[in-house]
Amino acid sequence: MGNLGFKGRDVISILDFTREELEHLFRVADDIRANPVKYSGELRGCILAAAFFEPSTRTRLSFQSAVLRLGGSYIDLGETSRSSIAKGENIADTIRMLDAYADIIVIRHKVEGTAKFAAEIAESPVINAGDGKKHHPTQAMIDLYSIRTFKGKIDGLSVAVMGDLKYGRAAASLILGLTLFRPKNICLVSPPELQIRPEVRDYLEHVKVNYVETSKLEDCISDLDVLYVTRIQKERFPDPSEYEKVRGSYRITLETLKNVKDDLIILHPLPKVGEIDLEVDKTKHAKYFEQAALGVSIRMALLKLIVRG
Amino acid sequence: MGRELLVRKIREGTVIDHIPAGRALTVLKILGLTGEEGFTIAVVMNVESRKLGKKDIVKIEGKFLKPAEVDKIALIAPSATINIVRNYEVETKRQVEIPDEIVGILRCINPNCITNKSGEPVSSAFRVVSKKPLKLVCKYCDEIMTERDVLDQLVST
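Each protein sequence line maps, in turn, to chains A and B.
Heads up: the first sequence begins at 1 in our numbering, then just goes up one per residue.
Heads up: the second sequence begins at 1001 in our numbering, then just goes up one per residue.
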């Protein structure tokens, strides 16, 4: 398989990629799942630096698992309270150090634009593992790959993205990523206070994708092939009273799913904290745990393509 | 008042004409001219103009401004013209043009943008996605800046 220009590349936004490149990534991930042994020495001698300035479970662990499964190793900045950040070191100097110690840098930071800034400083490729409320491109890769895996395609599907579309970076990146394909329509479901941000809406208008915004899931649920649910991003609300207004404003229950298509799939970037009733986990629609498992394969494919081409 | 010149012609340098009335000092600020550079600078404000009704003019003796330096003022003075003067004659005359990228000058309106964090070696940078109406997008955090945001920042201060 050709590398389609992946080698040495930074990953800042899902829109840095074309559909063709994402499809290539998905094919490599398919091959990794089918023939894991073939890739077990792929990144031998390669060191990944994990710099998570914000909490992370799945993203951090799946990147670490991915590099280990490819035969590479990792270093981890650890809790920022234990590193030089606590002494007041700036991001730029921290990145210069990681650049010298590792071959690829994965960074998450609450300050928006940090990954882009880090990519300007580092010679090694930088992967954005989340910058504030803005981008989470590798999550969007997992989400698109999950849709393709469970439904066989992305084109022609009715997809709803539900929840905190204002502060949720996973939701924003998926919405932008969907525009690279040809879904039948995108239904954006959120409380009025948590609608998509202006720059995302601008982009949807710019590429003339078929989308609707609503606060009622009932408006589109019977037609859906994919329901993507996100958590309200409590930690990003500038004002706690704003959070209190929308807390618990939506919840998927068995009742919600009464009139859905038989083959509807429900995805969630996790962690979920009550927006999906536990009873729903047991239904055939719930695919979020399998989705999380696919994260390792996609991140393996991405690391392999960036480091080796 | 008669038609006599308020400020004499300059011999060599740059004349920025047709600045919207009241914005000459902001133009100097954008150009980074504080007076400490030693150039003789004349600022004429609120003079009559056939095109604008009232206008401001800035004359800088001994400095030839490059297009890239001057085009930044198009953010607040799109009607401005730049005259390069040599030996009292206008050698070239052109209208300012909003550049495709604006580095520095403006602050990103997103307080959580990396360019607003102190202690980091980074300047603000915006892509100009529309010149009329003016619309900029932060190169780092994608936040949109409208013409109103730009004017609020540059003209009020």
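Yeah, the Cβ is synthetic: ideal placement off N, Cα and C, and Gly gets one too.
Since the model is a prediction, treat every value here as computed from it, not as a measurement.
Asked                                                                                                                                                                       : Found
Roughly how many angstroms separate the alpha carbons of A:P271 and A:P55, rounded to a whole number?                                                                       : 12 Å
Suppose contacts are defined by Cβ-Cβ distances below 8 Å. Is A:L43 in contact with A:L4 by that definition?                                                                : no
With a threshold of 6 Å on Cβ separation, who are the neighbours of B:L1006 within its own chain once the five nearest residues in sequence on each side are excluded?      : V1044
Can you tell me the Cα-Cα spacing of A:G309 and A:G8, whole angstroms?                                                                                                      : 8 Å
Going by Cα to Cα distance, which pick from A:A102, A:I95, A:Y101 and A:A100 is closest to A:R108?                                                                          : A:I95
Would you please verify whether the beta carbon of A:K166 is less than 8 Å from any beta carbon of chain B?                                                                 : no
In chain order, what residues of the same chain have a beta carbon less than 6 Å from the beta carbon of A:G130, not counting five sequence neighbours either side?         : R108, H136 and R169
Out of curiosity, what's the CA-to-CA distance linking A:P192 and A:F6?                                                                                                     : 39 Å
Can you confirm whether A:G132, when its beta carbon is compared against all beta carbons of chain B, has any partner nearer than 8 Å?                                      : yes
Between the segment 212-232 of chain A and the segment 260-274 of chain A, can you find at least three pairs of beta-carbon atoms closer than 8 Å?                          : yes
Can you give me the Cβ contacts of A:F289 inside the same chain, cut-off strictly under 7 Å, excluding the 5 residues immediately before and after it?                      : none
Tell me B:K1126's beta-bridge partners as DSSP assigns them.                                                                                                                : Correcting the residue type first, residue 1126 of chain B is Phe in the shown sequence and not Lys. DSSP output for B:F1126 lists B:I1102 and B:C1138 as bridge partner(s).
For B:G1119, go through chain A and note every residue whose CB falls closer than 7 Å to its CB, in chain order.                                                            : N90
Along the alpha helix (DSSP H) that carries A:S62, what are the first and last residues, could you check?                                                                   : R58 to R69
In the DSSP output, what is A:H135 paired with across the bridge?                                                                                                           : A:D131
So, is the C-beta of B:V1137 closer than 8 Å to a C-beta in chain A?                                                                                                        : yes
Identify each residue in the segment 1139-1155 of chain B for which the Cβ-Cβ distance to at least one residue of chain A is less than 8 Å, and report them in chain order. : K1139, Y1140, C1141, D1142, E1143 and I1144
Answer with buried or exposed for B:K1054, where buried requires no fewer than 16 other C-beta atoms within 10 angstroms of its C-beta.                                     : exposed
In chain B, which residues lie less than 9 Å from A:F53 when you measure between Cβ atoms?                                                                                  : Correct list: empty, because the minimum Cβ distance to chain B is about 12 Å.
Could you list the residues in the segment 91-117 of chain A with a C-beta less than 8 Å from some C-beta on chain B, going in chain order?                                 : I91, A92, K110, V111, E112, G113, T114, K116 and F117
Whole-angstrom Cβ separation of A:L257 and A:H285, contact assumed at under 8 Å?                                                                                            : 6 Å
Mind listing, in chain order, the continuous alpha helix (DSSP H) runs of no fewer than 4 residues lying wholly within the segment 165-210 of chain A?                      : 169-178 and 198-207
Could you tell me which of A:S65, A:R60 and A:D93 sits nearest to A:E79, measuring between CA atoms?                                                                        : A:R60
Checking the sheet assignment: what are the DSSP bridge partners for B:I1073?                                                                                               : DSSP lists no partner for B:I1073.
Output yes if chain B places a C-beta closer than 8 Å to the C-beta of A:P198; else output no.                                                                              : yes
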